[in-house]
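*Asks:* Residue 1 is where the sequence shown starts when you use UniProt numbering, and the numbers rise one by one after that. Quick one: structure below, then a few questions.
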Amino acid sequence: MDTSFFTGWLDEIARLVAEQREHLTRLDAAIGDADHGTNLDRGFAAVKAALAESPPSTPGGALTLAGTTLIRKVGGASGPLYGTAFRQMGRTLGDAEEISLKDLATAMGSALAGVQRLGAAAEGDKTMVDALAPAVQALTRAAEEGAEPSEAFEAAARAAREGAKATVPMQARKGRASYLGPRSVGHEDPGAASTALVLEALHAVGAA
Ligand code: ADP
Ligand code: MG
Ligand code: MG
1 MDTSFFTGWL DEIARLVAEQ REHLTRLDAA IGDADHGTNL DRGFAAVKAA
51 LAESPPSTPG GALTLAGTTL IRKVGGASGP LYGTAFRQMG RTLGDAEEIS
101 LKDLATAMGS ALAGVQRLGA AAEGDKTMVD ALAPAVQALT RAAEEGAEPS
151 EAFEAAARAA REGAKATVPM QARKGRASYL GPRSVGHEDP GAASTALVLE
201 ALHAVGAA
């Protein structure tokens, strides 16, 4: 996977987030402040613009630029968290021009570690971690088993989607939704839902 693969992934995330903006905002209206869709749409539109303005020469450069842009353009909880995730991936990939499935699995593992270092959420706290952690696990397992990237991405996307679904019965213990206490139960976490889109985008570009 080369630089154009990663810029393609980021473009596809931007497309899906724009398409699902109202849905993500509705999820956040139920247990937050109804801005998650607009936050991420603004952020990933800015990522697309930044990639067009200063085309990166490496996969790591593309992901680092995305992360920096997200931190700059998206406020709230999700901006720094997503920004950290992409910057960690970029840093882990370094200057390499060609990325293997194993490299990507390692990079996503460091994205998860960065998110957890910053936000201190564990699995079961009803956050993006509930989608990201199973996706990392699925990607890592597939890479270790020598799966084709397309199969690995499909497994990771499915794990993220199932992880997001599984947040419905959870009570939030982190972020704004935790202020609702037991009233946060019965709704899908918006950040977990958007993380599922990030993995769905990977599957979409990886299957092409
Ligand atoms: P805000 O809550 O500041 O309005 P967003 O609505 O954009 O920010 O993002 C909310 C999402 O951020 C939540 O649905 C959750 O997935 C994620 N989130 C919030 N706090 C944390 C945390 N401490 N760790 C991981 N994810 C978190
Ligand atoms: Mg919000
Ligand atoms: Mg907000």
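Using N, Cα and C, we set each Cβ at its ideal position, and we do this for glycine too.
What distance in whole Å lies between the Cβ atoms of residue 115 and residue 81, which are believed to be in contact at a cut-off of 8 Å?
*Replies:* 5 Å
*Asks:* Compute the beta-carbon to beta-carbon distance between residue 216 and residue 86, rounded to the nearest angstrom, for a pair I have assumed lies under 8 Å.
*Replies:* In the structure displayed, the chain extends from 1 to 208; residue 216 sits before or after that span and is not available.
*Asks:* Cβ of residue 32 versus every heavy atom of ligand 4: is any distance shorter than 6 Å?
*Replies:* Absent from the structure shown: ligand 4. Ligands present: ligand 1, ligand 2 and ligand 3.
*Asks:* If residue 130 and residue 173 are in contact, beta carbons under 8 Å, what's the gap, nearest whole angstrom?
*Replies:* That pair is no contact at about 11 Å.
*Asks:* For ligand 3, I want to know if residue 189 counts as a neighbour, meaning its beta carbon is within less than 6 Å of at least one of the ligand's heavy atoms.
*Replies:* no
*Asks:* Locate the alpha helix (DSSP H) running through residue 81, then write down its first and last residues.
*Replies:* 78-93
*Asks:* Going by DSSP, what residue range makes up the alpha helix (DSSP H) through residue 150?
*Replies:* Taken as a continuous stretch (DSSP letters only), the alpha helix (DSSP H) holding residue 150 covers 149-165.
*Asks:* CB-CB under 6 Å to residue 154, same chain, minus the five flanking residues each way: which ones, in chain order?
*Replies:* 203
*Asks:* Do residue 177 and residue 13 have their CB atoms nearer than 7 Å?
*Replies:* no
*Asks:* Sorted by chain position, which residues of the same chain lie with C-beta nearer than 7 Å to residue 9's C-beta, five sequence neighbours on each side aside?
*Replies:* 201, 202 and 205
*Asks:* Consider the C-beta atom of residue 69 and the heavy atoms of ligand 1; say whether any pair is separated by less than 6 Å.
*Replies:* no
*Asks:* If we ignore side chains and look at the alpha-carbon of each, how far apart do residue 91 and residue 29 end up?
*Replies:* 34 Å
*Asks:* Using a Cβ-Cβ cut-off of 6 Å (strictly less than) and excluding sequence neighbours within five positions of residue 135, which residues of its own chain qualify?
*Replies:* 156, 159, 160 and 199.
*Asks:* Are the CB atoms of residue 164 and residue 196 within a distance shorter than 7 Å?
*Replies:* yes
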